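Working notes for the structure below.
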Amino acid sequence: MKETSPSLQGLQSWMQNALIDPQQASREQIEGMVASSSRLNSSQRLAIYQRNYHIRLLKCMREQFPALCHALGADLFNDFARQYLQTYPSISYTLSDLGKRFPAYLEETRPDRQETSDKRESWIDFMVDLAQFERQLFVMFDAPGHEGKPFANLHSPDSCLKLQPCFALGDYRFPVAWYYHEVKQNNDPPFPPLQRSPIALIRKNYLTHTFSLTGVQYIFLQALSRGLKIEEAIAVAAREAAQPREQVYRSWAQAGSTRERWLEACFFIVGD
Amino acid sequence: MERNGTGAIASLPKLGLGLGLRSLHFDQIIEQQPAIAWFEAISENFMDSGGRPRWAIRAIAEHYPVVLHGVSLSIGSTDPLNFPYLGKLKALAEEVKPAWVSDHLCWTGVQGINSHDLLPIPLTEETLSHVAARVHQVQDFLERPLILENPSTYLTFTQSTLTEPEFLRQLVEETGCGLLLDVNNVYVTCFNTDADPLAYLDSFPWSNVIQIHLAGHQHCGTHIIDTHDRAVEPAVWELYRLARSRSQGASTLLEWDGNIPSLAEYHAELLKAKQYMDENGKPMAIAEVSFNNKESVSTPVDFLVPEVMGNTIWEQK
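Going down the list, the sequences are from chains A and B. Counting along the first sequence from 1, when you hit position 99 you're at 605 in this note's numbering, and nothing is skipped either side. Counting along the second sequence from 1, when you hit position 300 you're at 302 in this note's numbering, and nothing is skipped either side.
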């Protein structure tokens, strides 16, 4: 080895920086590290890795956020994603984590972040919400679930009902689930208007189902996800929504109501 | 088990002709159980899964031999080995009981960052000592021999002093690890580094080769990209003829990670390997191939990202 050669650690650190931010590597450095071939000089050889690093990861980002990519257009999405990857390079062995910090990144780098919420650009709120929703779907895909085991049924007593493990709640400012599924149907939906959109996500037979919720239903499920029993969650929902407890109970329990639909949809398992 | 698992290499089975396990083929494999000898699963696609991928590999491993092939071990990195990752790999291996576990002679990142690329190592004595020590650690942890693949490379470092076959020969001697010889990578690397693929194979440590990879590539004129997105080139088939003979029938796997075809088409491409199983293994002339200057991405990884949209349903009120 030449006396001037960097250590293995130094070489790897240099090359990684040259991939993430190609401007950092000078021609002199590259020529010192990388040999030319008969067809390509040092910079051209390194450039193969530099191009592929960005192309590969941007493609993965587009696949993790297909609806957001549709909403922004591929060019603008790529710009955001490229800046994201430069700020937050992957720190995980799995590509499943690649987009983990993207929704937060969009929020923390929004140009109007110093403004009060009423003065902020609503389309940015929509992008952040959509990114959060897509990330949640991605997590649900591979999260531990209840497939292969029995779910609760209509005969299971309320006192034994417990939310199934692959369950999530979301409370969005825009109807992101509607937008996402429009894109899935190969439609070109317009940006939706501001409209509070609480949802529940559950996975059954490895398919993730999205359910729209009312505000009371959202409070009720939020209480259940904190570990409360059905009866306690009804009390919380009635109190927070300022509705009579009997009315909330009726909307939960009567024939054809929430209880029946959610049991059939596999929201619940039988707990201890 | 002895420390390095050297003896275990000789006892690994010869599985015949296998295919990469890709999610779009899960249902067909599970429901129809087609006559395919074995499957190679990308470890990272399954090790963290609590969903459908984990269910699928369990179901498939009940009926087929399975091998685990990783892309994130980063055996050449100067970062510490990632033992939580190795723990998950070991747990997956205990569950699906693969015939062996493999990864690449490369590094994927340092300082906690992952490039998700199979980056080249400088082929020096310093790197050899570093990699050998880590192979020992991995083999001790997994309690099985590690199988390492020669990667496709697009550059050489000025400080390299060893050829890749020489590096691998010394690594095998020091650690007893097994080798996965990717003949497409041999072709790609040799073109990109001005080396002769036949000389590469002449100096390869054949005794520890237990698997061969085949794949398609894209010739860009000045360089070749390992794209895994098309049929195997004739020149690579000729290298396979030689490799198959010298490895004494090592298990063969066709990789296809981009523009993935139907299972039938994928299998048909694999079965072409039977035409190259000559006993004397003498390659025909390795012809130059036509090229296309439009560059595709090397070693695509987007197939590692599950297609989530197709698994979602919106239940409207």
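Cβ atoms here follow ideal geometry from the backbone N, Cα and C, with glycine treated the same way. All of these numbers come straight from a predicted model, not from anything done at the bench.
Practice task
Assign Asp-320(B) to one of three DSSP states: helix, strand, or coil.
Solution key: Within the shown structure, residues of chain B are numbered from 3 to 319, placing residue 320(B) beyond reach of any answer.
Practice task
Give every residue of the same chain whose Cβ lies closer than 6 Å to the Cβ of Arg-765(A), excluding the five residues on either side of it in the sequence, and list them in chain order.
Solution key: Scanning its chain for C-beta atoms nearer than 6 Å, with the 5 sequence neighbours on each side dropped, one finds around Arg-765(A) the residues Trp-758 and Ala-759, in chain order.
Exercise for the section: Indicate the three-state DSSP secondary structure (helix, strand or coil) for Leu-730(A) in the structure shown. Expected result: Three-state DSSP puts Leu-730(A) in a helix.
Handout entry: Per-residue burial, Thr-254(B) [other beta carbons within 10 Å of its own, 16 or more giving buried]
Key = Buried: at least 16 other Cβ atoms inside 10 Å.
Handout entry: the segment 88–100 of chain B contacting the segment 543–554 of chain A, beta-carbon criterion three pairs below 8 Å
Key = Counting C-beta pairs closer than 8 Å gives fewer than three between the segment 88–100 of chain B and the segment 543–554 of chain A, which falls short of the contact rule.
Problem - Close Cβ partners of Leu-121(B) (< 7 Å) along its chain, the five nearest in sequence each way excluded - result: So the qualifying residues of the chain are Cys-108, Trp-109 and Thr-110.
Practice task
Would you decide whether Phe-503(A) is buried or exposed? Buried here means 16 or more other CB atoms lie within 10 Å of its CB.
Solution key: A question about residue 503(A) goes unanswered here, because the residues of chain A that appear run from 507 up to 778.
Problem - Whole-Å CB distance - Ser-703(A) paired with Tyr-678(A), under 8 Å assumed - result: Sure, about 5 Å apart at Cβ, within 8 Å.
Problem - Ser-549(A) - DSSP class collapsed to helix/strand/coil - result: Three-state result, Ser-549(A): helix.
Problem - Against chain B: residues of the segment 765–777 of chain A by CB proximity under 8 Å - result: Answer in chain order: Ala-771.
Problem - Beta-carbon neighbours of Pro-595(A), restricted to chain B and to distances below 7 Å - result: Listed along chain B are Ile-115, each with a C-beta nearer than 7 Å to that of Pro-595(A).
Problem - Interfacial residues, the segment 672–695 of chain A to chain B, with Cβ spacing under 9 Å - result: Legend: CB atoms of the segment 672–695 of chain A lying less than 9 Å from CB atoms of chain B belong to residues Cys-672, Ala-683, Trp-684, Tyr-686, His-687, Val-689 and Lys-690.
Handout entry: Proximity test, Cβ basis, 9 Å: Leu-306(B) and chain A
Key = Closer than 9 Å to some Cβ of chain A, the Cβ of Leu-306(B) qualifies, so yes.
Practice task
State yes or no: is the beta carbon of Glu-97(B) nearer than 9 Å to at least one beta carbon in chain A?
Solution key: No, Glu-97(B) does not count as interfacial toward chain A.
Exercise for the section: Kindly indicate the opening and closing residues of the beta strand (DSSP E) around Ala-743(A). Expected result: If you look at Ala-743(A), you'll find it isn't in any beta strand (DSSP E); it sits in the alpha helix (DSSP H) that goes 736–747.
Handout entry: Three-state secondary structure (DSSP) of Ala-37(B)
Key = Annotated three-state conformation of Ala-37(B) is coil, per DSSP.
Exercise for the section: For Ile-32(B), collect the residues of the same chain with a Cβ closer than 8 Å to its Cβ; drop the 5 residues on either side in sequence, then sort them by chain order. Expected result: Excluding positions up to five away in sequence, the list reads Ala-58, Ala-61 and Ile-62.
Practice task
Say whether chain B places a C-beta atom closer than 9 Å to the C-beta of Arg-588(A).
Solution key: No, Arg-588(A) does not count as interfacial toward chain B.
Practice task
Could you tell me the distance, in whole angstroms, from the CA atom of Arg-641(A) to the CA atom of Ser-598(A)?
Solution key: Their backbone Cα atoms lie some 16 Å apart in a straight line.
Exercise for the section: Could you give the DSSP three-state label for Gln-161(B): helix, strand or coil? Expected result: In the three-state DSSP reduction, Gln-161(B) falls in the coil class, being neither helix nor strand.
Problem - Segment limits, alpha helix (DSSP H) that includes Ser-662(A) - result: Taken as a continuous stretch (DSSP letters only), Ser-662(A) belongs to no alpha helix (DSSP H), as it is neither H nor E.
Exercise for the section: For Gly-579(A), decide whether its Cβ has a neighbour in chain B, counting only Cβ atoms nearer than 9 Å. Expected result: At a cut-off of 9 Å between beta-carbon atoms, Gly-579(A) makes no contact with chain B.
Practice task
Select from Gln-213(B), Leu-181(B), Val-185(B) and Leu-125(B) the residue whose C-alpha is nearest the C-alpha of Thr-158(B).
Solution key: It is Leu-125(B) whose Cα lies nearest to the Cα of Thr-158(B).
Practice task
Pull up the CB-CB distance for Tyr-242(B) and Leu-216(B), whole angstroms please, since I reckon it's below 8 Å.
Solution key: Right, the Cβ-Cβ distance comes to about 6 Å (below 8 Å), so this counts as a contact.
Exercise for the section: Give the C-beta separation of Tyr-712(A) and Leu-675(A) to the nearest angstrom, bearing in mind that I take them to be a contact with Cβ-Cβ under 8 Å. Expected result: Not confirmed; about 20 Å, so no contact.
Problem - Chain-order list of residues whose beta-carbon lies under 8 Å from that of Phe-41(B) (same chain, five-residue window excluded) - result: Only Gly-20, Leu-21, Gly-22, Leu-23, Ile-31, Ile-62, Tyr-66, Pro-67, Val-68 and Val-69 meet the Cβ criterion.
Problem - Min CB distance Phe-159(B) to chain A below 9 Å - result: So, interface residue.
Practice task
Specify, as a first and last residue, the run of the beta strand (DSSP E) that Lys-710(A) falls within.
Solution key: Per DSSP, the unbroken beta strand (DSSP E) holding Lys-710(A) starts and ends at 703–710.
Handout entry: Nearest to His-132(B) (by Cα), restricted to the options Asn-210(B), Ser-76(B) and Gln-34(B)
Key = Nearest in C-alpha terms to His-132(B), of all of Asn-210(B), Ser-76(B) and Gln-34(B), is Ser-76(B).
Problem - Residue nearest to Leu-256(B) in terms of C-alpha spacing, selected from Asn-187(B), Arg-146(B) and Thr-195(B) - result: Comparing Cα positions, the closest option is Asn-187(B).
Problem - 4-residue-minimum alpha helix (DSSP H) runs that sit fully inside the segment 139–209 of chain B, ordered along the chain - result: Scanning the segment 139–209 of chain B for uninterrupted alpha helix (DSSP H) segments of 4 residues or longer gives 166–177, 185–194 and 199–204, listed from N- to C-terminal end.
Practice task
Tell me the start and end of each unbroken alpha helix (DSSP H) in the segment 562–624 of chain A that is at least 4 residues and wholly inside, in chain order.
Solution key: Those alpha helix (DSSP H) runs which fall completely within the segment 562–624 of chain A and span 4+ residues are 572–578, 580–593 and 608–614.
Practice task
Go ahead and label Val-776(A) buried or exposed: buried means 16 or more other beta carbons lie within 10 angstroms of its beta carbon, across all protein chains shown.
Solution key: Classification of Val-776(A): exposed, given that the 10 Å Cβ count is below 16.
Practice task
Taking His-269(B) as part of the alpha helix (DSSP H), name the residues at either end of that continuous run.
Solution key: Element bounds for His-269(B): 265–273.
Handout entry: Minimum Cβ-Cβ distance from Asp-648(A) to chain B less than 9 Å
Key = Flagged as an interface residue toward chain B: Asp-648(A), by a C-beta distance shorter than 9 Å.
Handout entry: Met-521(A): contacting residues in chain B (beta-carbon distance under 8 Å)
Key = Neighbours of Met-521(A) across chain B, judged by C-beta separation under 8 Å: Leu-121.
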